[in-house]
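Read through the structure below, which is laid out as structure tokens, and then see the notes.
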């Protein structure tokens, strides 16, 4: 009886160990917010032993002044890798690193060179530039291959397939939107500044922290004067912005309001960024 009991005990232990080993083989990746999640989802698709979780809800928007919650920290608790945008957008990173010092962190901004300085800080909304987005995707792929070598070939194949689609959109932007080169615009959402800069537009960026309603009467007055003096007829906002001030500027100057998608929120599907590029292309085309 003792021998049977020991044998059963060993069998249970072995079964449990095998279960633990399978479980431990799974790689858990947590992304900070929507744009980074879409990038990573394309690179990790169809890899069964990789679990991808987005820390924040898809409708959270920009992480400016975001307060990390207990629920967020719980999602990271058993993560192997955390992927962030970088450039200070995730202002809560110190808390994460302090709580989970062994966590591997991928900073997608590591290879971005064309950073925009807004007053005393760097504009972190780098993904609205297609070139920057490509670099972010490449950084994620490179680091995942380094941290999870056994799936490296699949990561690379997924990345190559995804970037082929992104590059097609990039070529379309470059070839068909050339008339926007040098066009003057007022941008009321800092999330779109990288996109307009990439198109070589002359942009007057107004710092709003995604709250257009915070613009003062004096700022509006100065903008109206500038627009009249320089004949600026393009006002750019995010599609989800409050456009009250944009309408005031348009009414006073005869300019037109154009709504673009900064990609901060949206549907959780792998084609989301491409869909936004195509929608933005039509809006940009109408500016010419």
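In the numbering used here, the protein residues as written are 170 to 457.
Just so it is clear, CB atoms sit at the ideal spot from N, CA and C, and this is done for glycine as well.
Fair warning: this is a prediction, and the values are worked out from it, not measured in the lab.
Give the range of the beta strand (DSSP E) segment to which residue 452 is assigned.
Careful: residue 452 lies outside any beta strand (DSSP E), inside the alpha helix (DSSP H) at 441-456.
What ranges does the alpha helix (DSSP H) occupy inside the stretch 396-434, keeping only unbroken runs of at least 4 residues that lie completely in it?
List check, alpha helix (DSSP H) in window: 413-422.
Could you check whether residue 405 and residue 433 sit closer than 8 angstroms to each other, using their CB atoms as the reference points?
Contact flag unset, no.
Hey, is the stretch 387-400 in contact with the stretch 320-332, meaning 3+ C-beta pairs nearer than 8 angstroms?
These segments do not touch.
Out of curiosity, what's the CA-to-CA distance linking residue 281 and residue 415?
Between residue 281 and residue 415, the C-alpha separation is close to 31 angstroms.
Where does residue 451 land, buried or exposed, given buried means 16+ other C-beta within 10 angstroms?
By the 10 Å Cβ count, residue 451 comes out exposed.
Spell out a yes or no on whether the stretch 253-267 and the stretch 275-289 are touching, meaning 3 or more CB-CB pairs, one atom from each, closer than 8 angstroms.
Result yes; three or more Cβ-Cβ pairs closer than 8 angstroms.
Below 8 angstroms between beta carbons: does that hold for residue 373 and residue 339?
No, the pair does not count as a contact, with Cβ atoms beyond the cut-off.
Between residue 292 and residue 285, is the Cβ-Cβ spacing less than 8 angstroms?
Yes, Cβ-Cβ distance for residue 292 and residue 285 is below 8 angstroms.
Hey, how far is the Cα of residue 228 from the Cα of residue 217?
Between residue 228 and residue 217, the C-alpha separation is close to 27 angstroms.
Could you check the C-alpha separation between residue 448 and residue 225 for me, to the nearest Å?
Rounded to the nearest angstrom, the two C-alpha atoms are 25 angstroms apart.
Rounded to the nearest angstrom, how far is the Cβ of residue 375 from that of residue 355, given a contact under 8 angstroms?
Contact flag correct, Cβ pair sits at about 7 angstroms.
What is the DSSP secondary structure of residue 254, counted as helix, strand or coil?
Looking at residue 254 - three-state DSSP - the assignment turns out to be coil, as it is neither helix nor strand.
Compare the C-alpha of residue 230 against each of 201, 244, 246 and 240 and name the closest.
Measuring from the Cα of residue 230, the nearest candidate turns out to be 201.
In whole angstroms, give me the CA-to-CA distance for residue 428 and residue 205.
So the alpha carbons of these two residues sit roughly 22 angstroms apart.
According to DSSP, is residue 373 part of a helix, a strand, or is it coil?
Reduced to three states, the DSSP call for residue 373 is strand.
Please tell me whether residue 220 and residue 244 are closer than 8 angstroms, where the distance is taken between their beta carbons.
Taking 8 angstroms as the Cβ cut-off, residue 220 and residue 244 do not qualify as a contacting pair.
If I follow the unbroken alpha helix (DSSP H) through residue 263, where does it start and stop?
Where residue 263 is concerned, the enclosing alpha helix (DSSP H) stretches over 262-268.
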